[in-house]
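Below you'll find the structure, written out as structure tokens, and then a few comments.
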Amino acid sequence: MPDGVPTWEEVARDHGRFLYNVAYRLAGNDSDAQDLVQEALVRVRRGLETYKPGSLEGWLARIVTNVFLDEVRRKRRRPVVALPENPDLVVPPSVAADEASEALSDEVQHALQALPDEFRTAVVLCDVVGLSYDEISEAQGIPVGTVRSRIHRGRRLLRSALS
Amino acid sequence: MTTDVPATPELPEELLSAYLDDECDADERAAVEARLTTDAEWRAILDEITETRAVVRALPQREPPAGFFERLDPRPWSKTARWISGFAAVAAVAAGFMLAAPSSSHDDVTPPIAALADSHGATQSLATDPISALAPLAVATPSTP
């Protein structure tokens, strides 16, 4: 590998948790997050051949976001019948000491999940990953003005859901 | 006579998020700050999105299950291969069950020919000729003149 370009193993070892966290915030559950990370790392392996050293986590966030959006598009083409919602089955009861904090996290995650995919992606890339509007624009292939709009509307919807 | 007053360009509300994230240019920033001084609704919205952003930023790092990365395989075909190997495993188990399960013996379902023959023979030996056992028909005998 050229200087500054990590190996696949180094990416998985050193940035896997970052990838997983972004995947979880986008997908909203462990199972889908695992699939997203698996597919993202396959793309990372291919992409490392042409990767130019820079913001590695920004690059990884773009990859996992694209995997997520590809999956969203695939599901839209082949919609599945959703099972009846039963929050008791989806969210295991919290037994952690910081139960209140965990409950709040779950509430925020549920609110994130309720956002339209495009808004959620923009909010996660901005507020979880910390990408700039330009980086989000580039990652998603949309104008910066659209990024602004999606982030703002996403936050407003989140606020409504949480209040 | 009327004078034309230049209209103040309408500021889109989404500028508030850009302002909060320091993603405005100087003109936009000045315009937002001017609006905030006079518009209580904008100030309230700014407070709300500031709080919302803080809540999302405070989300804890989500951890993958133990051993997740050790199990990862970077090969593109690994997912398909897992499906194939999973299917093969299920098929093998199913085949094993079919072989191990007590198979239904043909003797159990084939009529016991020998026993039936014996039974039939015994019946035959006890009974009279079935034709002869029929009730005799009343047959008119020709009368002699």
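Residue numbers (my numbering), protein chains in the order written: chain A, 1019 to 1181; chain B, 319 to 463. Note that beta-carbon positions come from the ideal geometry of N, C-alpha and C, so glycine has one too. What you are looking at is a predicted structure, and each value in this text was computed from that prediction instead of being measured.
Check your understanding: What does A/Ala1132 touch in chain B if you count any residue whose Cβ is under 9 Å from its own?
Key -> In chain order: nothing, as chain B lies at least about 13 Å away.
Exercise for review: Consider the Cβ of A/Ser1123: report whether some Cβ of chain B lies at a distance smaller than 8 Å.
Suggested key: yes
Practice item. Report all residues from its chain with a CB closer than 6 Å to the CB of A/Leu1044; omit the five preceding and five following residues, and keep chain order. Key: Phe1086, Val1142
Exercise for review: Keeping to the same chain, check which residues put their C-beta closer than 8 Å to that of B/Leu334; ignore five residues upstream and five downstream.
Suggested key: Val350, Trp360, Ile363, Leu364, Ile367
Check your understanding: Does the separation of the CB atoms of A/Leu1037 and A/Leu1078 fall below 8 Å?
Key -> yes
Point to revise | Under the three-state DSSP convention, the category A/Ala1100 falls into | key: Legend: pLDDT at A/Ala1100 = 49, less than 50; position of this residue unreliable, value from coordinates given subsequently. In the structure shown, A/Ala1100 sits in coil (DSSP, three-state: anything other than H, G, I, E or B).
**Study point:** Same chain, Cβ closer than 7 Å to A/Arg1080, neighbours up to 5 away in sequence not counted
**Key:** Ala1157
Exercise for review: Closer than 6 Å by C-beta to A/Leu1133: which residues in its own chain qualify, once you throw out the five before and the five after it? Chain order, please.
Suggested key: Gly1172, Leu1175
Check your understanding: Looking at C-alpha atoms only, which residue of A/Ala1030, A/Ser1167, A/Leu1066 is the closest neighbour of B/Phe386?
Key -> A/Ala1030
Point to revise | CB-CB length for A/Val1146 against B/Val374, believed under 8 Å | key: 7 Å
Check your understanding: Quick one, which of A/Asp1053, A/Glu1028, A/Glu1089 has its alpha-carbon nearest A/Arg1063's?
Key -> A/Glu1028
Exercise for review: Return helix, strand or coil for B/Glu332, following the three-state DSSP convention.
Suggested key: coil
Review point. Can you list, in chain order, the residues of its chain whose CB lies under 6 Å from that of A/Val1055, leaving out five sequence neighbours each side?
Key: Leu1037, Tyr1038, Ala1041
Practice item. Mark A/Ser986 as exposed unless 16 or more other C-beta atoms lie within 10 angstroms of its C-beta, in which case mark it buried. Key: Since the first and last residues shown for chain A are 1019 and 1181, residue 986 of chain A lies out of range.
**Study point:** Cβ of A/Ser980 within 8 Å of any chain B Cβ
**Key:** Only positions 1019 to 1181 of chain A appear in this structure, which leaves residue 980 of chain A out of reach.
Check your understanding: How about A/Leu1149 and A/Gly1076: are their beta carbons less than 8 Å apart?
Key -> yes
Practice item. Taking 8 Å as the cut-off, decide whether the C-beta atoms of A/Val1090 and A/Ala1058 are in contact. Key: no
**Study point:** Where the alpha helix (DSSP H) containing B/Ala381 begins and where it ends
**Key:** Residue identity check: residue 381 of chain B is Glu in the sequence provided, not Ala. Careful: B/Glu381 lies outside any alpha helix (DSSP H) and carries neither H nor E.
Exercise for review: Write down the C-beta distance between A/Ala1140 and A/Val1165 rounded to the nearest angstrom, noting that I regard them as a contact closer than 8 Å.
Suggested key: 6 Å
Practice item. Determine the direct distance from the alpha carbon of A/Glu1136 to that of A/Cys1144, and round the result to whole angstroms. Key: 12 Å
Practice item. Assign B/Leu367 to one of three DSSP states: helix, strand, or coil. Key: Reading off the sequence, residue 367 of chain B comes out as Ile, not Leu. Reduced to three states, the DSSP call for B/Ile367 is helix.
Review point. Would A/Asn1039 count as contacting chain B if we go by Cβ distances under 8 Å?
Key: yes
Review point. Taking the alpha carbon of B/Asp357 as the point to measure from, which residue in B/Pro383, B/Ala384, B/Arg389, B/Leu329 has its own alpha carbon closest?
Key: B/Leu329
Review point. Hey, how far is the Cα of B/Asp297 from the Cα of B/Tyr337?
Key: With chain B covering only 319 through 463, there is no way to say anything about residue 297 of chain B.
Check your understanding: chain B beta carbons: is any one of them nearer than 8 Å to that of A/Ala1030?
Key -> yes
Practice item. Check the Cβ-Cβ distances between B/Arg353 and every residue of chain A, and say whether any is below 8 Å. Key: no
Check your understanding: By a C-beta neighbour count over all protein chains shown, 10 Å radius and 16 as the cutoff for buried, is B/Ala445 buried or exposed?
Key -> Reliability of the predicted coordinates at B/Ala445 is poor, the pLDDT of 46 falling under 50, and no value is obtained from them.
Practice item. Taking all protein chains shown into account, decide if B/Pro382 is buried (16 or more other Cβ within 10 angstroms of its Cβ) or exposed. Key: buried
Check your understanding: Within 8 Å (strictly less), CB to CB, does B/Arg361 reach chain A?
Key -> no
Exercise for review: Give the range of the alpha helix (DSSP H) segment to which A/Ile1154 is assigned.
Suggested key: 1151-1158
Exercise for review: Give a yes or no on whether 8 Å exceeds the smallest Cβ distance from B/Thr370 to chain C.
Suggested key: The chain inventory of the structure shown lacks chain C, comprising the protein chains A and B.
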